[in-house]
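Contents: one structure, followed by commentary.
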DNA sequence: TCAGTTTTCGTGTACGTCCACAAAAGTAGG
DNA sequence: CCTACTTTTGTGGACGTACACGAAAACTGA
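Structure, rendered in structure tokens:
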């Protein structure tokens with residue numbers, strides 16, 4: 001509880017007026033080098049920090065944050081992200097922050113381009129990006145960079161950009177978690193299957209690949225000679241995927257555990273259930289409504305979840321802090337924890353993730 | 356982003372002066388019934404809310420929060436709680452909040468009495484209580500109630516009190532989680548052992564009992580005829596506990612999984628390791644340094660953790676909100692999620708829980 | 001050196017609330 | 001109806017920062 005150092009104090013120490021200190025704090029320019037160094041030393045010595053409250057009181061400017069993420073469906077991944085974003089905005093309801101959305105279809109590159117093109121017209125103070133398409137994102141970021149508009153990444157990292165902050169999760173670790181859990185869940189002689197996405201080229205699939213390598217890495221490292229069999233399931237066509245699954249299991253009868261490296265675990269679970277196949281442990285990703293249902297009825301053993309809610313929440317808070325304090329904290333990268341969810345702790349997480 | 360309604364607006368609507376509105380908002384009394392009803396209607400109509408910033412700016416009063424919890428050791432349970440508390444206080448560094456601590460020895464009822472007796476002398480604005488001894492806590496709370504001092508519970512609930520807010524976790528669910536995990540981790544024919552605390556009468560032990568009933572409930576519900584064998588381990592005497600453990604396993608050779616319902620899982624793990632016993636899955640509670648070590652080296656399969664950090668964090672934030680907004684949100688009870696931690700997601704959680 | 005120009009600096013007001021103090025209204029007793 | 005007292009109400013200054021505006025200083029070129 002050190003006593004608050006005020007702008008006046010800094011001004012006195014540096015032998016200038018409060019106005020000059022203010023100019024330096026806000027990079028408003030028109031300050032001589034002499035004053036600047038004097039003030040900056042005083043600032044550093046005292047460890048001055050804005051009083052956020054008085055600052056907010058007199059702040060004239062109102063910020064506009066643009067949220068550029070894939071279309072958010074309640075109960076799905078990006079829906080949770082969005083609910084975290086809205087939650088964070090509520091916390092700052094006492095300062096004027098406008099918020100606009102630039103949703104895009106994560107499976108349609110043209111929709112992404114359209115959406116990203118419109119962002120600059122919105123004149124944002126900051127942008128929060130849930131990236132899917134690499135080169136489109138890089139283009140957007142370089143434009144933002146040249147305008148000095150800070151941006152934050154949620155869920156994924158795009159190389160060749162300089163976000164103020166990134167919130168994502170460690171997909172490789174996710175894969176290793178799945179590996180260990182399946183290893184623990186199944187007998188030594190059971191085979192392990194991995195179902196990935198058929199679709200490639202978008203970010204979710206990249207996530208899926210990171211998970212895959214993590215999982216293979218796990219089974220490689222323990223060296224107990226487990227057979228890992230890969231397969232793809234089609235996202236587009238439910239009937240086709242059902243046939244795929246049954247065909248796969250027919251030709252691999254020893255499989256005791258299945259990892260579904262995207263959020264479609266419920267498709268596999270439902271298929272097994274409808275064919276009366278039991279005794280196979282399934283692990284999948286994301287707390288979607290369908291996956292929750294399967295956790296409830298026991299057809300999915302565990303769900304791996306990466307806190308989309310918190311990612312959105314923290315990204316907004318961080319970007320607002322960047323704006324308020326005029327920070328240049330470049331490329332701060334936060335890895336969200338990976339939650340393991342089973343039937344028994346589902347209710348508690350449900351409260352956090354949804355609503 | 357509705358336009359801010361100001362005190363002046365309310366005053367105009369109710370036909371009184373801003374001072375009168377302020378008096379009503381802060382229960383400062385000396386207001387006629389007529390003004391009160393007029394103002395309260397205007398308040399309700401507009402849905403007026405403080406502007407927290409300007410409020411904080413002009414607030415003369417400084418709050419003092421007293422933290423009454425068991426002695427916090429860094430890296431242990433209450434140490435994490437404390438670090439969450441300190442973290443929350445940092446977020447409010449712009450308003451003057453003093454903080455005093457009233458630590459007590461959770462195994463010594465006299466130390467608790469001494470500590471609790473000293474709290475009122477500190478003239479707290481609010482108290483945060485980590486309760487261990489029931490009747491002492493009830494006494495403290497009734498005194499606080501009569502003085503109108505709000506208090507929050509962390510970690511446990513004491514019946515017969517009216518806290519402003521409670522942050523705890525669902526011990527029964529924890530027990531069921533342990534049950535399911537051990538069930539998944541071990542073959543059908545393996546026996547399951549439960550190690551509880553020998554010590555009783557304090558809250559941790561109560562937690563331990565809640566976990567026990569949850570675990571038995573799980574195995575009762577699935578009805579696969581698992582043998583559950585209970586034992587106690589002595590906390591006080593390491594050598595004695597080591598002997599206990601070996602003796603127990605000698606007479607129960609079929610045991611394939613052990614649940615340690617307190618934070619002492621590392622004792623069991625170390626004992627097995629030093630006797631060259633492998634193949635037994637151990638699950639324990641709390642991310643202490645010793646337990647983390649055992650997760651790392653593979654002797655403990657999973658740790659159940661109840662976010663002590665977050666409990667402390669949220670309790671402080673909630674109690675400060677109560678003070679700032681003068682709220683009377685009685686008995687709001689938040690259940691923290693229960694995290695399942697294995698070797699692969701340990702690093703991510705470590706970042707959250709410690710530091 | 002001096003007028004004109006640009007850069008740098010200081011002053012003063014506004015923000016919405018809290019709260020102290022003074023003013024006004026109400027009450028009771030004579 | 002007046003005084004003494006209590007209750008109720010209005011007013012104005014303070015909080016620390018942001019920012020506009022105008023003053024002062026520094027620089028420019030002749």
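Chains as they are written, first to last, in our numbering: chain A, 1 to 355; chain B, 356 to 710. Where is the CB? At the ideal position from N, CA and C, for every residue including glycine. The structure displayed is predicted, hence computed values, not measured ones.
Where residue i meets chain A, residues with beta-carbon distance less than 8 Å
i, result
"residue 532(B)", "342, 344 and 345"
"residue 542(B)", "187"
Residue i in three-state terms, based on DSSP
i, result
"residue 672(B)", "helix"
"residue 101(A)", "strand"
"residue 411(B)", "helix"
"residue 608(B)", "coil"
"residue 667(B)", "helix"
"residue 265(A)", "helix"
"residue 471(B)", "helix"
"residue 365(B)", "helix"
"residue 480(B)", "coil"
"residue 355(A)", "Low confidence applies here, because residue 355(A) scores a pLDDT of 45, under 50, leaving its location unreliable; read the following figure in that light. Coil, per DSSP."
"residue 440(B)", "helix"
"residue 1(A)", "Low local confidence applies: a pLDDT of 39 at residue 1(A) is under 50, so the model's placement there is unreliable, and no value is given."
"residue 370(B)", "coil"
"residue 657(B)", "strand"
"residue 639(B)", "strand"
"residue 384(B)", "coil"
"residue 79(A)", "helix"
"residue 652(B)", "helix"
"residue 544(B)", "coil"
"residue 704(B)", "helix"
"residue 145(A)", "helix"
"residue 632(B)", "coil"
"residue 223(A)", "coil"
Neighbourhood of residue i by C-beta, 6 Å cutoff - its chain only, sequence neighbours within 5 removed
i, result
"residue 366(B)", "372, 373 and 376"
"residue 322(A)", "150 and 164"
"residue 299(A)", "269 and 273"
"residue 397(B)", "365, 368 and 369"
"residue 46(A)", "5"
Interface partners of residue i on chain B, CB under 8 Å
i, result
"residue 301(A)", "539"
"residue 180(A)", "697, 698 and 699"
"residue 170(A)", "703"
"residue 173(A)", "699, 700, 702 and 703"
Beta-bridge pairing of residue i - partner residues as DSSP gives them
i, result
"residue 336(A)", "169(A)"
"residue 230(A)", "194(A)"
"residue 419(B)", "453(B)"
"residue 711(B)", "Lying outside 356 to 710, the shown extent of chain B, residue 711(B) is not represented and no answer is given."
"residue 696(B)", "658(B)"
"residue 259(A)", "194(A) and 283(A)"
"residue 70(A)", "104(A)"
Beta-carbon contacts of residue i that lie in its chain and below 7 Å, excluding the five residues immediately before and after
i, result
"residue 101(A)", "67"
"residue 145(A)", "162"
"residue 391(B)", "379"
"residue 442(B)", "668"
"residue 609(B)", "545 and 546"
"residue 310(A)", "84 and 336"
"residue 201(A)", "Confidence is the limiting factor: at residue 201(A) the pLDDT is only 49, short of 50, which leaves the residue's position unreliable, though a coordinate-based value still follows. Nothing meets the Cβ criterion."
"residue 185(A)", "257, 281 and 301"
Residues that residue i contacts on chain B, provided the C-beta gap is smaller than 7 Å
i, result
"residue 339(A)", "694"
"residue 57(A)", "408, 409 and 412"
Contact list for residue i against chain A, beta-carbon separation under 7 Å
i, result
"residue 386(B)", "The contacting residues do not exist; residue 386(B) stays about 26 Å from chain A at best."
Same chain, Cβ closer than 8 Å to residue i, neighbours up to 5 away in sequence not counted
i, result
"residue 82(A)", "67, 69, 72 and 312"
"residue 587(B)", "550, 551, 552, 553 and 599"
"residue 219(A)", "179, 183, 192, 226 and 228"
> Could you give the uninterrupted runs of the beta strand (DSSP E) lying entirely in the stretch 150 to 181 of chain A, keeping only those of 3 residues or more?
Replying inline: 151 to 155 and 165 to 169
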